[in-house]
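Student: Numbering (my numbering), first residue to last: 1 to 314.
I'd like to ask you about the structure that follows.
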Amino acid sequence: MVRTPQRFELDQAIDIVSGQGDPRGLRFRSTARLSHPTAAVVAADPAKRQLTLGAFGLIGPGGVLPRHHTATVAQEKRKRSEALHAFVDLLGGRFAGLWAAAGRKYRPTRDPLPAERALAAVIGFGTPGLAPRAGVPAAALLFHAGNLAPRMRSAERLRALLQEEVGFPVELEEFAGGWLRLPDSERSRLGAGRQHNALGLSTALGAQVWDAQSRFVIRIGPLPRLEFEALLPGTPRHHRLVALTRLHVGLDTGFAVNLVLAAAAVPTMALGGGGGRLGWTSWMGQAAPRQRDAAEAIFEAADQAGVMQEEFGR
Numbered sequence: 001m002v003r004t005p006q007r008f009e010l011d012q013a014i015d016i017v018s019g020q021g022d023p024r025g026l027r028f029r030s031t032a033r034l035s036h037p038t039a040a041v042v043a044a045d046p047a048k049r050q051l052t053l054g055a056f057g058l059i060g061p062g063g064v065l066p067r068h069h070t071a072t073v074a075q076e077k078r079k080r081s082e083a084l085h086a087f088v089d090l091l092g093g094r095f096a097g098l099w100a101a102a103g104r105k106y107r108p109t110r111d112p113l114p115a116e117r118a119l120a121a122v123i124g125f126g127t128p129g130l131a132p133r134a135g136v137p138a139a140a141l142l143f144h145a146g147n148l149a150p151r152m153r154s155a156e157r158l159r160a161l162l163q164e165e166v167g168f169p170v171e172l173e174e175f176a177g178g179w180l181r182l183p184d185s186e187r188s189r190l191g192a193g194r195q196h197n198a199l200g201l202s203t204a205l206g207a208q209v210w211d212a213q214s215r216f217v218i219r220i221g222p223l224p225r226l227e228f229e230a231l232l233p234g235t236p237r238h239h240r241l242v243a244l245t246r247l248h249v250g251l252d253t254g255f256a257v258n259l260v261l262a263a264a265a266v267p268t269m270a271l272g273g274g275g276g277r278l279g280w281t282s283w284m285g286q287a288a289p290r291q292r293d294a295a296e297a298i299f300e301a302a303d304q305a306g307v308m309q310e311e312f313g314r
C-alpha cells in the first residue's frame with residue numbers, strides 16, 4: 001500500500017492503517033493542488049497512521065473552501081513552508097475522520113474478519129466458545145478447513161491433514177482392528193443367569209471381542225529424534241495431533257499413533273543420566289549400527305475420546 005496506494009479504495013486503506021480500529025484516530029492529509037484526483041488515496045504511511053486523500057478535505061480539487069485557499073497553500077509549499085498546510089489539515093482531519101466513521105456505522109454487514117467467521121461456520125465452529133474446547137488453536141482449525149468441512153470423510157483427507165500438520169510422511173493402516181470391551185449385561189454366562197449362551201449364535205468367550213473396523217493406526221515418519229520426542233504422548237504436539245484426528249473421524253473410532261524413528265537417530269542403550277525411557281525411547285541389543293527404522297513405538301489414543309465426549313457433552 002505504501003508503494004501503490006492508488007490501488008486501494010478509501011475504506012480499505014482506512015481498515016489497513018487503523019488495524020480495524022477507530023478511523024478518527026488517523027491523520028488525514030489533503031493535497032494542495034487543483035488537478036483532477038487520480039485516486040481516493042494519494043499516499044499512505046502506516047507507521048505514522050497517516051493517509052493523504054485525493055478528493056476530500058478543506059482544500060484540493062474536492063475541497064470545500066474556495067480555490068484560492070488551495071493556491072495559497074501551494075504557494076507556501078513552494079517556499080518550503082509546511083505550516084499553513086499542516087494547520088489546514090489539523091482543522092480538516094477531524095471532519096475526514098468523522099466522515100470515515102459514519103461510513104462504517106451505516107454498513108452493518110461489515111465484518112472485521114468475514115472470511116474467518118465463514119470458515120469457522122463451515123467446519124462447525126461458528127458458535128463462539130466452541131473452538132477453544134476442541135483442543136486445537138482456532139488458526140489451525142481454519143487452516144485445515146478444507147479437510148474438516150466435507151461430511152464425507154476419507155482416509156486420504158485425514159492423511160493429507162496430518163502430513164501437513166506434522167511436516168513428515170504419514171501413512172494410515174486401515175482396519176488394524178481392536179478389542180471392544182463387553183459390558184457385563186452382554187457377556188455370556190452359565191448357570192442361573194443363562195444369558196447369551198447359545199452356541200454359534202450369541203456366545204462370546206471372555207470380556208472383550210475383536211473388531212477389525214474399530215481401529216486404525218497412524219504411522220508417522222521416519223522422524224529425527226527431536227521430532228520423535230516432540231510427538232510423544234503428553235506433549236502439546238501429540239495432544240494437537242490426537243485432537244485433529246478426533247475432529248476428523250469422530251468419537252466412535254479408536255486409533256493409535258505409530259511414531260517411526262529414523263535408523264540413524266536410534267540411540268544406544270546406556271545407564272546413568274540421559275538414558276532412554278523404557279518402552280518409549282530405548283532400544284536394546286544394538287551391537288552394530290541399525291539398518292532399519294525403529295517402528296515399534298505405538299501409542300493408543302482411545303483415551304482422548306472420553307475427554308472430548310465430556311467437553312462437547314456439557
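Where a beta carbon is used, it is the ideal one built from N, C-alpha and C, also for glycine.
#1: Just list the alpha helix (DSSP H) runs in the region 118 to 200, keeping only unbroken ones of 4 residues or longer that don't cross its boundaries, in chain order.
#2: I'd like the list of long-range same chain contacts for proline 46, defined as Cβ closer than 6 angstroms, with 5 residues on each side in sequence excluded.
#3: When the Cα atoms are used, what is the spatial distance from leucine 261 to glycine 276?
#4: At 4 residues or longer, what runs of the alpha helix (DSSP H) sit wholly inside the region 189 to 265?
#5: Specify, as a first and last residue, the run of the beta strand (DSSP E) that isoleucine 16 falls within.
#6: Is alanine 212 near phenylalanine 175, with beta carbons less than 8 angstroms apart?
#7: Determine the burial state of glutamate 9: buried for a count of at least 16 other Cβ atoms within 10 Å of its Cβ, exposed for fewer.
#8: Quick check on the DSSP output: what are the complete beta strand (DSSP E) runs of length 3 or more inside the region 27 to 52, in order along the chain?
#9: Anyone know if the C-beta pair for glycine 57 and alanine 96 falls short of 8 angstroms?
#10: Over the uninterrupted beta strand (DSSP E) stretch that includes glutamate 296, give me the two end residues.
#11: Determine the closest residue to proline 236 out of Asn197, Arg189, Pro137, Leu51, with distance taken between C-alpha atoms.
#12: For the alpha helix (DSSP H) holding lysine 77, just list the boundary residues, first then last.
#13: Using a threshold of 8 angstroms, state whether the C-beta atoms of serine 30 and valine 122 are closer than that.
#14: Is it buried or exposed, leucine 51, if we count other Cβ atoms within 10 angstroms and call 16 or more buried?
Tutor: If we stick to the structure as given:
#1: If we require 4 residues or more, the alpha helix (DSSP H) runs fully inside the region 118 to 200 come out as 138 to 143, 145 to 148, 155 to 166.
#2: Along the sequence shown, one-based indexing puts residue 46 at 46. For proline 46, where only same-chain residues beyond five positions count, the Cβ hits under 6 angstroms are Val17.
#3: Within the sequence shown, residue 261 is the residue found at index 261, counting from 1. Within the sequence shown, residue 276 is the residue found at index 276, counting from 1. Whole-angstrom Cα-Cα distance: 14 angstroms.
#4: You should have 225 to 230, 236 to 249.
#5: As a working mapping, residue 16 is identified with position 16 in the sequence shown. Boundaries for isoleucine 16: no beta strand (DSSP E) harbours it, while the alpha helix (DSSP H) harbouring it runs 10 to 18, taken from the DSSP string.
#6: Counting from one through the sequence shown, the residue named residue 212 turns up at place 212. Counting from one through the sequence shown, the residue named residue 175 turns up at place 175. Yes, these two residues count as a Cβ contact at 8 angstroms.
#7: Indexing the sequence shown from 1 puts residue 9 at position 9. Counting Cβ neighbours within 10 Å, glutamate 9 comes out exposed, since fewer than 16 surround it.
#8: Complete beta strand (DSSP E) runs here, min 3: 27 to 29, 41 to 45.
#9: Translated into positions along the sequence shown, residue 57 becomes position 57. Translated into positions along the sequence shown, residue 96 becomes position 96. Here glycine 57 is near alanine 96, since their CB atoms are less than 8 angstroms apart.
#10: If you number the sequence shown from 1, residue 296 lands on position 296. Glutamate 296 -> beta strand (DSSP E) spans 294 to 300.
#11: Residue mapping note: residue 236 aligns to position 236 of the sequence shown, counting from 1. Ranking Asn197, Arg189, Pro137, Leu51 by Cα distance to proline 236 puts Pro137 first.
#12: The count along the sequence shown starts at 1 and reaches residue 77 at position 77. Counting along the chain, the alpha helix (DSSP H) containing lysine 77 begins and ends at 67 to 78.
#13: Indexing the sequence shown from 1 puts residue 30 at position 30. Indexing the sequence shown from 1 puts residue 122 at position 122. Using a Cβ distance threshold of 8 angstroms, serine 30 and valine 122 do not count as a contacting pair.
#14: Here residue 51 refers to the residue found at position 51 when the sequence shown is read from its first residue. Burial of leucine 51 is indicated by the presence of at least 16 other C-beta atoms within 10 angstroms of its C-beta.
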